[in-house]
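Note sheet for the following structure.
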Amino acid sequence: MRRETAAVHVGVAKDTAYNSVITPIYPSSTFCFDRVGENKGYDYTRSGNPTRTALEENLAALEGAGFARCTCTGMAAIVAVLFLLRQGDHVVAGHDIYGGTYRLFETLFPRFGVSFSFVDMCDESAVRSALRPETRMLWIETPSNPLLNIVDIAAMVAIAREHDVLTVADNTFLSPYFQRPLDLGVDVVLHSTTKYLNGHSDVVGGVVMATRADLVDRLGFIVNAMGLANSPFDAWLVLRGVKTLGPRMEAHQRGALALAAFLDGHPRVRRVYYPGLPHHPGHELAQRQQSGFGGMLSFDLDIEALDPDTFFGRLRYFSLAESLGGVESLIEQPWTMSHAGMGEEARRAAGISPGTMRVSVGIEHPDDLVEDMEQALR
Numbered sequence: 001m002r003r004e005t006a007a008v009h010v011g012v013a014k015d016t017a018y019n020s021v022i023t024p025i026y027p028s029s030t031f032c033f034d035r036v037g038e039n040k041g042y043d044y045t046r047s048g049n050p051t052r053t054a055l056e057e058n059l060a061a062l063e064g065a066g067f068a069r070c071t072c073t074g075m076a077a078i079v080a081v082l083f084l085l086r087q088g089d090h091v092v093a094g095h096d097i098y099g100g101t102y103r104l105f106e107t108l109f110p111r112f113g114v115s116f117s118f119v120d121m122c123d124e125s126a127v128r129s130a131l132r133p134e135t136r137m138l139w140i141e142t143p144s145n146p147l148l149n150i151v152d153i154a155a156m157v158a159i160a161r162e163h164d165v166l167t168v169a170d171n172t173f174l175s176p177y178f179q180r181p182l183d184l185g186v187d188v189v190l191h192s193t194t195k196y197l198n199g200h201s202d203v204v205g206g207v208v209m210a211t212r213a214d215l216v217d218r219l220g221f222i223v224n225a226m227g228l229a230n231s232p233f234d235a236w237l238v239l240r241g242v243k244t245l246g247p248r249m250e251a252h253q254r255g256a257l258a259l260a261a262f263l264d265g266h267p268r269v270r271r272v273y274y275p276g277l278p279h280h281p282g283h284e285l286a287q288r289q290q291s292g293f294g295g296m297l298s299f300d301l302d303i304e305a306l307d308p309d310t311f312f313g314r315l316r317y318f319s320l321a322e323s324l325g326g327v328e329s330l331i332e333q334p335w336t337m338s339h340a341g342m343g344e345e346a347r348r349a350a351g352i353s354p355g356t357m358r359v360s361v362g363i364e365h366p367d368d369l370v371e372d373m374e375q376a377l378r
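Under our numbering, the first residue of the sequence shown is numbered 1, with each subsequent residue one higher.
Rendered as structure tokens:
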């Protein structure tokens, strides 16, 4: 079953009473037992729910995983993965990852005795140098947020296997439509389902997926024990949204390619970050490990020539907002918004500046988006 077909059909045929073509919502918090020790597969919605199971089946099929657990937010999925670690463990992560992930790594989990090193993961030697005897995890985010650096997934997997280290990939930016890290040997993949998988900016959620039996058991236990699972209604919304993942991702990419080409070389734009541009340093690698370039791009605005507030105020089709992956186009300034929690020194080390603008290209007509950006920059 191809991805577009799986997105529509997996997790759907659940209504044996009326043969509904849409997966039902089961909002019940608890389920009756037939007798002591016997039920119909569910006892309490925190532990399992038919609607959530349907979504988990769908997303596992798309990602090529044997297991998926859907969580209440993307950050909850990250927390679940981190609880695979023990006190004294060490993690190597990219220095230009999502600001919320960086904040969690930098401020909260060190309290539990877990340490982190942030390096340029495009540099294999830097990754190797950061490894310690106590390193237990490589945290891969590719394309990175917000500068869309491309990390060589296969190379990271090879390094991890040499040192018996777990690999985790945040695949939110591309979705399984454009990238499947498990196929490249990654142990655990996670997403914020808030973004492309749902695609309509009306729900928050996450998912963690794996194929290894030991990880499946541990992650399932963690999500249940910590109460991280998402609600039946939220699961139903994502299951509804994911049906159009294929055509949406193609539309996002079409707009991003057009917008990146327009911005590239514009006199008020100092640099464009989009792997679909042939001169992007990760362009060839992206072609090898991805099936598309996605709908995210960033650029450095010449803020000496054009004040960001003035620029944002002129835009008609790009809303100044955080998040990404919805049908509408969004723009934000990571310096003050999505990556503010990193601290100035960390932001500058990652290559983020006050002029960096991150764009989530929606599914509007590319010509309208380009014309809107042109008049705002004019």
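We put the CB at the ideal spot given by N, CA and C, even for glycine.
Would you mind reading off the limits of the beta strand (DSSP E) that contains residue i?
i: Tyr396; result: Here the chain covers residues 1 to 378 and nothing more, so residue 396 does not appear.
i: Val91; result: His90 to Gly94
i: Thr142; result: Note, Thr142: premise wrong, no beta strand (DSSP E); not H, not E.
i: Ala68; result: Phe67 to Thr71
Looking only at DSSP bridge pairs, what is residue i linked to?
i: Glu38; result: Arg35
i: Cys122; result: Cys122 pairs with nothing; no bridge assigned.
i: Gly30; result: Here residue 30 turns out to be Thr, not Gly, going by the sequence shown. DSSP, once it has assigned bridges, lists Tyr44 as partnering Thr30.
i: Glu332; result: Arg358
i: Arg116; result: The sequence given here places Phe at residue 116; Arg does not occur at that position. Phe116 pairs with Val91.
i: Val327; result: In DSSP, Val327 forms no bridge with anything.
i: Thr135; result: His90
Cα separation between residue i and residue j?
i: Leu131; j: Ala17; result: 55 angstroms
i: Leu245; j: Val151; result: 24 angstroms
i: Thr142; j: Glu38; result: 45 angstroms
i: Met121; j: Ala251; result: 29 angstroms
i: Leu197; j: His9; result: 15 angstroms
i: Gly66; j: Val204; result: 23 angstroms
i: Ala305; j: Pro334; result: 19 angstroms
i: Cys70; j: Pro267; result: 45 angstroms
i: Glu4; j: Lys243; result: 8 angstroms
i: Thr193; j: Asn49; result: 18 angstroms
i: His279; j: Gly294; result: 16 angstroms
i: Gly11; j: Asp372; result: 40 angstroms
i: Ser338; j: Thr356; result: 11 angstroms
Could you give the first and the last residue of the continuous alpha helix (DSSP H) run that contains residue i?
i: Leu82; result: Gly74 to Leu82
i: Leu59; result: Pro50 to Glu63
i: Ala286; result: His283 to Gln289
i: Met296; result: First-last for Met296: Met296 to Leu301, but that is the beta strand (DSSP E), not the alpha helix (DSSP H).
i: Leu320; result: Note, Leu320: premise wrong, no alpha helix (DSSP H); beta strand (DSSP E) at Phe318 to Leu320.
i: Arg3; result: Arg3 to His9
i: Phe312; result: Pro308 to Arg314
i: Thr101; result: Gly99 to Arg103
Nearest to residue i by alpha carbon, out of the options?
i: Cys32; options: Leu324, Lys40 and Tyr26; result: Lys40
i: Asp170; options: Tyr44, Glu63, Pro50 and Ala346; result: Glu63
i: Phe178; options: Arg212, Ser353 and Met296; result: Met296
i: Met249; options: Glu284, Asp302 and Val327; result: Val327
>> Runs of 3 residues minimum, wholly inside the region 190 to 260: which ones carry the beta strand (DSSP E) assignment?
In response: Look at the region 190 to 260 and you find these whole runs of beta strand (DSSP E), each 3 residues long or longer: 206 to 210.
> Taking the runs of the alpha helix (DSSP H) that are 4 residues or longer, which of them lie wholly in the region 153 to 185?
Replying inline: 153 to 162 and 175 to 178
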